[in-house]
Amino acid sequence: MLYQSPRGTKDVFGQEVEIWQKIEIVCRETFARYNFSEIRTPIFEQTELFARSIGTTTDIVNKEMYTFLDRKGRSLTLRPEATAPVVRAAIQNNLITPDTVAKFYYVGPMFRYERPQAGRQRQFHQAGIEFFGSSDPKADVEVINLAVDLFLALGLTGLEVDINSVGCVKCQPGYVAAVKQALQAQEKNLCDDCKERLKLNPLRVLDCKVKECQPYISQVPSAQKSLCPECQVNFEQVKKYLAARGIKFNDNVRLVRGLDYYTRTVFEVVSKQLGAQNAVCGGGRYDNLVINLGGPEVPAVGFAAGLERVVELLKNTAVAGQSAPKLDYYIVAMNTEARAVAFDLMAKYRALGKTAEMDFQDRSFKAQMKAADKSGAKFAVIIGEEEIKEKMLTIKDLHSGNQAREPWPR
Ligand code: HAM
């Protein structure tokens, strides 16, 4: 039996890996332009961290976590997202205080036991940022602007920004009650999960993707109607600054996002070119998470972009096709002695900063020339008896077909 990669995971190689490398470089460059610095947290954390922050009644915590006991019986979980780990790390390492701003980014794999489909995997990758220490609506706009700039730098077009406000500790409970009341009369028509959500965490009904639930969800009142005066002003300011920066957005009154830690601004960047999983990025403000996890009173806002979805969109663009020739020299050896010389020459080229390759399978001259062509190398370097005797190399330009004699590199 041949082993297969686990369901919902993917091997990445060849041209696709080049797209990944390009994306990672652009992410790092764009984050650095906004003065964010990288933070690397463990792939697994204590299970309790995610339960406490994302919420015990969310789909992520309830159904999607890869949780296991280690040899000492401690419950650990592969990170389903990175906001909670970054907050944990920031508190533990004293990286945040109420009067300073701290800005972190991350790029890496996340794990959720979801039903795999196009754009949804069990091991997927996010590039994200977390901006600590400001409750100013300009910080929200800075973060949304960064997401927009990131996709622009990646060469993606046709994306839209959806925004909403889910209120604060003062007004969010009123909205939760309004949602509960609106849906209670329809309870029997909702899916079994939503019946449960309605009891435990009514806002999460709004994340439901089941087709039969959608007509009822669309009747739920707008979150913005329940906002307290401060949250209303705050949301208006976010929209004002977004407009001032020329960022177009849709006011999506039913956007609540699938994680419990959000307060005030929430947003997603969506693409019409993707199928059901159309969000390339999601984020928002989480002013109570740091304090809820035992840290100081520090407001925060951030987002994470789903890189599989970015790859999907980029595959259809010209950028994906560009791949620079990588090999300078493919060394072709005509006999056993020449092979040994070729082996040394290859090391010499590399020491000179060139890329070089040769045959390792004792193939015929003809097969080596074919391999040189296939490799995409700029030059084939031919070594035979004569070349060794005369201390010269025959160099064939594989693009033009021209051949010349050259001395050995020093
Ligand atoms: P999220 O909406 O759960 O938010 O995930 C962010 C993005 O990750 C999604 O928009 C999507 O592109 C991608 N994503 C999520 N699940 C999958 C999956 N199974 N397969 C492929 N891509 C996926 C968060 O994770 C928050 N931590 C974002 C945040 C940062 N909020 C504040 N700061």
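Remember, the numbering used here sits 945 above the position in the sequence shown when you count from 1.
For glycine and all other residues, C-beta sits at the position ideal for the given N, C-alpha and C.
Cβ-based burial, residue i [other Cβ within 10 Å; buried from 16]
{"i": "N1038", "result": "exposed"}
{"i": "V1178", "result": "exposed"}
{"i": "D1205", "result": "buried"}
{"i": "T1281", "result": "exposed"}
{"i": "Q1164", "result": "exposed"}
{"i": "S982", "result": "exposed"}
{"i": "R1067", "result": "buried"}
{"i": "T1003", "result": "buried"}
{"i": "F1096", "result": "buried"}
{"i": "S950", "result": "exposed"}
{"i": "K1018", "result": "Looking at the sequence shown, residue 1018 is not Lys but Gly. G1018 is exposed by the Cβ-count criterion."}
{"i": "I970", "result": "exposed"}
{"i": "R1190", "result": "exposed"}
Integer-rounded CB distance, given that residue j should sit under 8 Å from residue i
{"i": "V1246", "j": "D1085", "result": "5 Å"}
{"i": "R1357", "j": "C1176", "result": "Residue 1357 lies beyond the residue range present for the chain, which begins at 946 and ends at 1355; the question has no answer from this structure."}
{"i": "A1349", "j": "D1273", "result": "That belief does not hold up - the Cβ atoms of A1349 and D1273 are roughly 15 Å apart, past 8 Å."}
{"i": "V1031", "j": "T986", "result": "6 Å"}
{"i": "V1093", "j": "I999", "result": "Between I999 and V1093 the Cβ distance is about 26 Å, and since that is not below 8 Å, they are no contact."}
{"i": "F1069", "j": "I984", "result": "Going by Cβ atoms, the distance from F1069 to I984 rounds to 19 Å, so no, they are not a contact pair."}
{"i": "E1105", "j": "N1195", "result": "6 Å"}
{"i": "D1152", "j": "G1203", "result": "4 Å"}
{"i": "D1232", "j": "S1080", "result": "6 Å"}
Whole-angstrom distance between residue j and residue i, CA atom to CA atom
{"i": "I1089", "j": "K1260", "result": "24 Å"}
{"i": "K1271", "j": "V962", "result": "14 Å"}
{"i": "R1060", "j": "Q966", "result": "27 Å"}
{"i": "K1367", "j": "F1077", "result": "The question about residue 1367 has no answer, for the chain in this structure spans 946 to 1355."}
{"i": "Q991", "j": "G1240", "result": "17 Å"}
{"i": "G1103", "j": "C1226", "result": "14 Å"}
{"i": "T1137", "j": "V1052", "result": "Checking the sequence shown, residue 1137 turns out to be Asp, not Thr. If you take the alpha carbons of D1137 and V1052, they lie about 36 Å apart."}
{"i": "I1108", "j": "L1187", "result": "11 Å"}
{"i": "L947", "j": "A1296", "result": "40 Å"}
{"i": "P1354", "j": "R1284", "result": "17 Å"}
{"i": "F1212", "j": "E1253", "result": "19 Å"}
{"i": "R1199", "j": "E1026", "result": "22 Å"}
{"i": "G1119", "j": "G959", "result": "52 Å"}
Starting from the N-terminal side, write out each stretch of the beta strand (DSSP E) that is 3 residues or longer and does not extend beyond the region 1161-1235. 1208-1216, 1224-1230
I'd like the ranges of any alpha helix (DSSP H) spanning at least 4 consecutive residues and lying wholly in the region 1280-1329. 1281-1296, 1310-1320
Quick check for students: name the residue ranges of the alpha helix (DSSP H) that lie wholly in the region 982-1012, counting only runs of 4 or more. 992-999, 1004-1008
Could you pull out every unbroken alpha helix (DSSP H) segment of at least 4 residues lying fully inside the region 1001-1068, listed in chain order? Taking 4 residues as the shortest admissible run, the region 1001-1068 contains the following complete alpha helix (DSSP H) segments, listed from N- to C-terminal end: 1004-1008, 1028-1037.
4-residue-minimum alpha helix (DSSP H) runs that sit fully inside the region 1064-1103, ordered along the chain: 1082-1098
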